[in-house]
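A.B. asks: Pasting a structure below so you can have a look.
Take a look at the structure:
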């Protein structure tokens, strides 16, 4: 097992990883930008290295500085968290070439799954169902029209280099197509330095269901059931839960097996997530595989008792999976609300600044993952996620009641947050009944 | 189900009960003394009534004021929490006679179990094993000597009206007996207004094992396994855990069945706890039954997923138990550390005052039940318990590692607490191995 | 006078950077908590108390209550508070005349009202002699411990 | 001078009730955080950093560091900080002479040291002309971004 790891991230996920390492008796090295001098992850880690100025490009995305920080502190492994360098195959490769263990899958796997079209081809080959559409980048309008002829409007244009909801455009008819392709290509180029696009059929009000995978380097692989992440705002997940109210045991087994098939096709190791869309006829389609820990991993932890970040570390160190399918007991229901420092009443504009009074929720069935503390100033430079509130209940109703209770207790003064929006969603009749889909916020709640 | 309940308590347990009620959509009435104007339980409740000055006698123990507070607010039931009026049969009776539902067992049951010697007689009759000793109050030294002749020194002198560790004296030889009886009688009289005493054999380094019972008003009864509370300081529990490392499934079944037998003997209903001592030969003996929710109930909640306070409310409202023995799944391991505002380096003297900086632990497997918040002033008038930190793990080692991590994260500035003592205990080799007993702190850790 | 004095106090608090200021004399009692210091005040927990009579005393910042009293500058009023929790009555029985009304002169130990606790009527006696200036709680409304019931202008001695 | 000035600043902080004070001029840079305001400072997380060279900069209250410098009142010193994370070297190779030593006059753009990042040697150039008054990090020790490497007395212009 590692004696010391470096956490190449900030915020709540840096703290999450430090916690796992501490419980494993592994020393931790935090890295931070000049804007994060007052961050809690520095205080929780055993060591801390300033790696650059506030700008992400010059700090949390600066590969040489991070690798160098690992080398000067003698860290044997780097945990990338999510975002930043977590799905950057070059970073994983450089870690490997410098004898530093990258806590995640092999760099080749990240490369394969990072190219969303390449992933589609691999999955098609493996027999995993895809949303009808391209398996090659669009070369021309004609090319696009030929594909659309087979799948019909509306369609989604997506970036090959993409993921995380960026660079997606919906096209409702032929007239919009040309301009949509142009804009999407520009957006994709800006976001991923890759203007390549592909086309998929647009599904009407699908549900986002993803399967959590664990795989060791010895060929053992299990899944931990699904998470439903249908409550999204502009393709960004806002509320996640496990299990999904759309799945029965039979469908869960089928989707789980399909996810394992997908992961095996790329000889996956470490922790990962296979994402599917589920339509109203309970047909499901692969959309992408995330080769990292996900923001919403705590809901799976709550219903399994398994610490996924510890598992990442174990698996990266080459250990065998310590449990098999029969040991996994999914019980109860868990819900996560992402608390973002934005103003939902003002177009979700960022709401940075000093947090004055702060009381976080507690008590039975409530978990809070956060890096904020009283008098902490939320810097404007990074992601708006300031806390995750996760609740557990014996069933969905109890988890929802508990979340309502926790949100009511939560006092964050000085900045605006998504809490009022969460309360609105949780108390919506359709949500309570589990009638949700990825367009729920725009269509049903009118956000 | 009740529409509104009054919580006749303060501190963390008042908040615990308000949380359960909120999740059940029941309105809550807090009561408070003048010393508790800034208490968080007032803020979390829907309504709040000041019931008297700081002194407990004039506020939290003042039955007419509390009943009147329920009457003026229209509360249909009163939850007494623990301590204060929780095991006062007169209070339960007055509630009943005023048409207010007392959330706990019938007043007669409280009376029977409150008289510790009466409880011994009942249990003896029911066939529950007792520690050898009296079944009648000691009437004279001669009487005491006659009993001791059968059980031999050392012996424990206990108060008939007692419980909670008060009024207990150990007598090592005949010379100490007379004076010990005098002192114990005076102490018992002061604490319980009842000088009656009884004698039990003193067990060498026993373990404190208690069984959690749930019983409805329709004759259904289950147990939720054991809690071990052997880490005590001056007979006050400090660290509790579930399951106990001393029990195997067979012994767990036997002790569970014996606890049910004890509870059935008094036609118990609602939530309760049967306490046993377990000796080195795995023989166990009834010591007392607690007819209320216990401070350490969260460890059982963590390993069962069952909300015991909600169950109390359901059962008091006359509902049937919603689960039976086969539905109960004990999994994982939970640990609770009681954080008291005392100075362990100065004879555990109270350490009241203003809490300045405060960061509570969070993240996976950590639950915090507390009423403190930044800038809260701990008043000198009440119990020293300011927070309970509870951790869960797949096994005991993980729960301990997580507790160490949580205690390290916990920052409470301005007052002294038991945190350093907890850290010392958790890292003691004997504790880690589970080799604990009720004299662990004095004999092993030298506190 | 009252509002100005509160403002003056707030200026002092600002200067001295106080989190909380509590002041009581015969004509004036106020407690000011600055929200950025105390955490409790700004908690939004929905409305407290459905019962109007108690609402005012369970609020954190009683300034408004004093505003409403519109005390004249030199009035030295004494509050008589409830020593118990219950229903407050102006008269001994529903049909009997009230113990006192505004403008009445009262003497020490005179019964001025009653609080019903668990069905038992407890008469409230005046602690000072003087004139009843205001009855703060309506007949039959619930009161909590320490809740002001009367404002009394004490007799000059 | 430095300690006295720090003390004066702390008196001002006390008076003005400031949580944090940051001040920088050519001869002096200090940031004082009062522990009762910022929550971070007093957290006890065990010792930070096993590596002494970085310890000082990752501590919250850099007053002590400045104490140690014992700057004379009119000395106007400029800090040259590390633009990257790595191992700091005084010379280009283990056998070559150091880039500079205390007392050396240097000119703008002169190479004064090197930081090894992932095996690559990056030479550090002076931003001002002047005299090297102190080398703050030992040869071969690790440095973080922004860590002071040299104190330089700039040339009069």
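Residue numbers (the numbering used here), protein chains in the order written: chain W, 710 to 1156; chain F, 710 to 1156; chain R, -2 to 154; chain S, -2 to 154. Built from N, CA and C at the ideal position, the CB exists for glycine as well. Please read these numbers as outputs of a predicted model, since none were measured by experiment.
Between residue 986 (chain F) and residue 1002 (chain F), how many whole angstroms is the CB-CB distance? I'm expecting something under 8 Å.
C.D. replies: Residue numbering aside, residue 986 (chain F) sits at position 277 when the second chain is read from its first letter. Residue numbering aside, residue 1002 (chain F) sits at position 293 when the second chain is read from its first letter. Actually they do not touch by this definition, with Cβ atoms about 22 Å apart.
A.B. asks: Between residue 1078 (chain W) and chain F, is the shortest Cβ-Cβ distance under 8 Å, so that the two count as touching?
C.D. replies: Counted from its first residue, the first chain places residue 1078 (chain W) at position 369. Interface residue, yes.
A.B. asks: Thinking C-alpha only, which one of F:1037, F:947, F:1052 and F:977 is nearest residue 1135 (chain F)?
C.D. replies: In the second chain, counting from the first residue as 1, residue 1135 (chain F) sits at position 426. Per the Cα distances, F:947.
A.B. asks: With H, G and I counted as helix, E and B as strand and the rest as coil, what does DSSP make of residue 146 (chain R)?
C.D. replies: Translated into the one-based positions of the third chain, residue 146 (chain R) becomes position 149. In the structure shown, residue 146 (chain R) sits in a strand (DSSP, three-state: E or B).
A.B. asks: With a threshold of 8 Å between beta carbons, is residue 759 (chain W) in contact with chain S?
C.D. replies: Within the first chain, the letter at position 50 stands for residue 759 (chain W). Yes - at least one Cβ of chain S is within 8 Å of the one on residue 759 (chain W).
A.B. asks: DSSP on residue 1099 (chain F), reduced to helix/strand/coil?
C.D. replies: Taking the first residue of the second chain as 1, we reach residue 1099 (chain F) at position 390. Three-state DSSP puts residue 1099 (chain F) in a strand.
A.B. asks: Please name the residues in the region 805 to 820 of chain F whose beta-carbon is closer than 9 Å to at least one beta-carbon of chain R, in chain order.
C.D. replies: Within the region 805 to 820 of chain F, the qualifying residues are 807.
A.B. asks: For residue 1125 (chain W), which of helix, strand or coil comes out of DSSP?
C.D. replies: As a working note, residue 1125 (chain W) is residue 416 in the first chain. Coil.
A.B. asks: On the three-pair Cβ rule with 8 Å, is the region 947 to 956 of chain F touching the region 930 to 937 of chain F?
C.D. replies: Judged by Cβ distances under 8 Å, the region 947 to 956 of chain F makes contact with the region 930 to 937 of chain F, as three or more pairs qualify.
A.B. asks: Out of W:926, W:1104 and W:920, state which residue places its alpha-carbon closest to the alpha-carbon of residue 969 (chain W).
C.D. replies: Indexing the first chain from 1 puts residue 969 (chain W) at position 260. The candidate whose alpha carbon is nearest that of residue 969 (chain W) is W:920.
A.B. asks: Look up residue 30 (chain R) in the DSSP assignment and say whether it is helix, strand or coil.
C.D. replies: Working through the third chain from its first residue, we reach residue 30 (chain R) at position 33. The predicted model places residue 30 (chain R) with a pLDDT of 49, which falls under 50 and marks its position as unreliable; any figure quoted below should be read in that light. Strand at residue 30 (chain R).
A.B. asks: Cα-Cα, which of F:854, F:999, F:856 and F:910 is closest to residue 877 (chain F)?
C.D. replies: Translated into positions along the second chain, residue 877 (chain F) becomes position 168. Nearest option by C-alpha distance: F:910.
A.B. asks: Would you kindly work out how many angstroms separate the C-alpha atoms of residue 1015 (chain F) and residue 1011 (chain W), rounded to a whole number?
C.D. replies: Within the second chain, residue 1015 (chain F) is the residue found at index 306, counting from 1. Within the first chain, residue 1011 (chain W) is the residue found at index 302, counting from 1. Roughly 14 Å separates the two Cα atoms.
A.B. asks: Verify the CB distance criterion: does residue 108 (chain R) have a CB-CB separation below 8 Å to chain F?
C.D. replies: Your numbering for residue 108 (chain R) matches position 111 in the third chain. So, not an interface residue.
A.B. asks: Determine, using beta carbons only, whether residue 839 (chain W) and residue 995 (chain W) come nearer to each other than 8 Å.
C.D. replies: On the first chain, residue 839 (chain W) is found 130 positions in, with the first residue counted as 1. On the first chain, residue 995 (chain W) is found 286 positions in, with the first residue counted as 1. Yes.
A.B. asks: Among F:1080, F:974 and F:1155, whose alpha-carbon lies nearest the alpha-carbon of residue 1053 (chain F)?
C.D. replies: What you label residue 1053 (chain F) is simply residue 344 of the second chain in a count that begins at 1. Of the candidates F:1080, F:974 and F:1155, the one whose C-alpha sits nearest the C-alpha of residue 1053 (chain F) is F:1155.
A.B. asks: Does the beta-carbon distance from residue 140 (chain R) to residue 124 (chain R) come in below 8 Å?
C.D. replies: Counting from one through the third chain, the residue named residue 140 (chain R) turns up at place 143. Counting from one through the third chain, the residue named residue 124 (chain R) turns up at place 127. Taking 8 Å as the Cβ cut-off, residue 140 (chain R) and residue 124 (chain R) do not qualify as a contacting pair.
A.B. asks: Under a CB-based cut-off of 8 Å, is residue 1005 (chain F) close to chain R?
C.D. replies: Here residue 1005 (chain F) refers to the residue found at position 296 when the second chain is read from its first residue. It does not: the Cβ of residue 1005 (chain F) has no partner Cβ on chain R nearer than 8 Å.
A.B. asks: Return the CA-CA distance between residue 1122 (chain F) and residue 1096 (chain F), expressed in angstroms with no decimal places.
C.D. replies: Within the second chain, numbered from 1, the residue matching residue 1122 (chain F) stands at position 413. Within the second chain, numbered from 1, the residue matching residue 1096 (chain F) stands at position 387. Computed Cα separation, rounded: 14 Å.
A.B. asks: Please list, in chain order, all residues of the same chain as residue 826 (chain W) whose beta carbon is under 8 Å from its beta carbon, the five residues on each side excluded.
C.D. replies: Indexing the first chain from 1 puts residue 826 (chain W) at position 117. Same-chain partners within the cutoff: 843, 844, 845, 846, 869, 905 and 907.
A.B. asks: Mapping DSSP to helix, strand and coil, what is residue 88 (chain S)?
C.D. replies: In the fourth chain, residue 88 (chain S) corresponds to position 91, counting from 1. Strand, per DSSP.
A.B. asks: Can you find at least 3 beta carbon pairs, one from the region 768 to 779 of chain W and one from the region 789 to 808 of chain W, that sit closer than 8 Å?
C.D. replies: Taking 8 Å as the limit for Cβ pairs, the verdict is that the region 789 to 808 of chain W does touch the region 768 to 779 of chain W.
A.B. asks: With a threshold of 16 other CB atoms inside 10 Å of the CB of residue 148 (chain S), please say whether the residue is buried or exposed.
C.D. replies: Against the fourth chain, residue 148 (chain S) aligns to sequence position 151. Answer is buried; the Cβ neighbour count reaches 16.
A.B. asks: What are the residues of the region 133 to 151 of chain S that lie near chain W, defined by any Cβ-Cβ distance shorter than 7 Å?
C.D. replies: Flagged, chain order: 139, 141, 142 and 143.
A.B. asks: Go ahead and pull the three-state DSSP assignment for residue 1107 (chain F).
C.D. replies: As a working mapping, residue 1107 (chain F) is identified with position 398 in the second chain. Looking at residue 1107 (chain F) - three-state DSSP - the assignment turns out to be helix.
A.B. asks: Pop quiz: residue 1049 (chain F) and residue 1110 (chain F) are said to be a contact at Cβ under 8 Å. What is the actual Cβ separation, rounded to whole angstroms?
C.D. replies: Position 340 of the second chain, counted from the start, is the residue given in the question as residue 1049 (chain F). Position 401 of the second chain, counted from the start, is the residue given in the question as residue 1110 (chain F). In fact, because the Cβ distance is near 23 Å, the residues do not count as touching under 8 Å.
A.B. asks: Kindly indicate which three-state DSSP category residue 740 (chain W) falls into: helix, strand or coil?
C.D. replies: Along the first chain, one-based indexing puts residue 740 (chain W) at 31. Reduced to three states, the DSSP call for residue 740 (chain W) is strand.
A.B. asks: Would you list the residues sitting across from residue 994 (chain W) in a DSSP beta bridge?
C.D. replies: Reading the first chain from its first residue, position 285 is the one you call residue 994 (chain W). Per DSSP, W:986.
A.B. asks: DSSP beta-bridge partners for residue 1091 (chain W)?
C.D. replies: The residue given as residue 1091 (chain W) occupies position 382 in the first chain. Partner(s): none; residue 1091 (chain W) has no beta bridge.
A.B. asks: On the DSSP bridge assignment, give the partners of residue 811 (chain W) in chain order.
C.D. replies: Stepping through the first chain from its first residue, residue 811 (chain W) is reached at position 102. DSSP lists W:787 as partners of residue 811 (chain W).
A.B. asks: Does residue 1152 (chain W) come out as helix, strand or coil in the three-state DSSP assignment?
C.D. replies: One-based indexing of the first chain puts residue 1152 (chain W) at position 443. Looking at residue 1152 (chain W) - three-state DSSP - the assignment turns out to be helix.
A.B. asks: Which of the residues in the region 78 to 90 of chain S, read from start to end, lie with their CB under 8 Å from any CB of chain W?
C.D. replies: Correct list: 81, 82, 83 and 84.
A.B. asks: Starting from the Cα of residue 1148 (chain F), find the closest Cα among F:1020, F:961, F:916 and F:1084 and give me that residue.
C.D. replies: Counted from its first residue, the second chain places residue 1148 (chain F) at position 439. Residue F:916 is the option with its Cα nearest to residue 1148 (chain F).
A.B. asks: Beta carbons nearer than 8 Å to chain R: which residues of the region 778 to 802 of chain F have them?
C.D. replies: Per Cβ criterion, the list reads 778, 780, 781 and 782.
A.B. asks: List, in chain order, every chain F residue whose beta-carbon is nearer than 7 Å to that of residue 114 (chain R).
C.D. replies: In the third chain, counting from the first residue as 1, residue 114 (chain R) sits at position 117. Ordered by position in chain F, the residues that pass the 7 Å Cβ test against residue 114 (chain R) are 773 and 777.
A.B. asks: Just by C-beta distance, which residues in the region 740 to 757 of chain W are closer than 9 Å to chain S?
C.D. replies: Correct list: 740, 742, 743, 746, 747, 748, 749, 751, 752, 753, 754, 755, 756 and 757.
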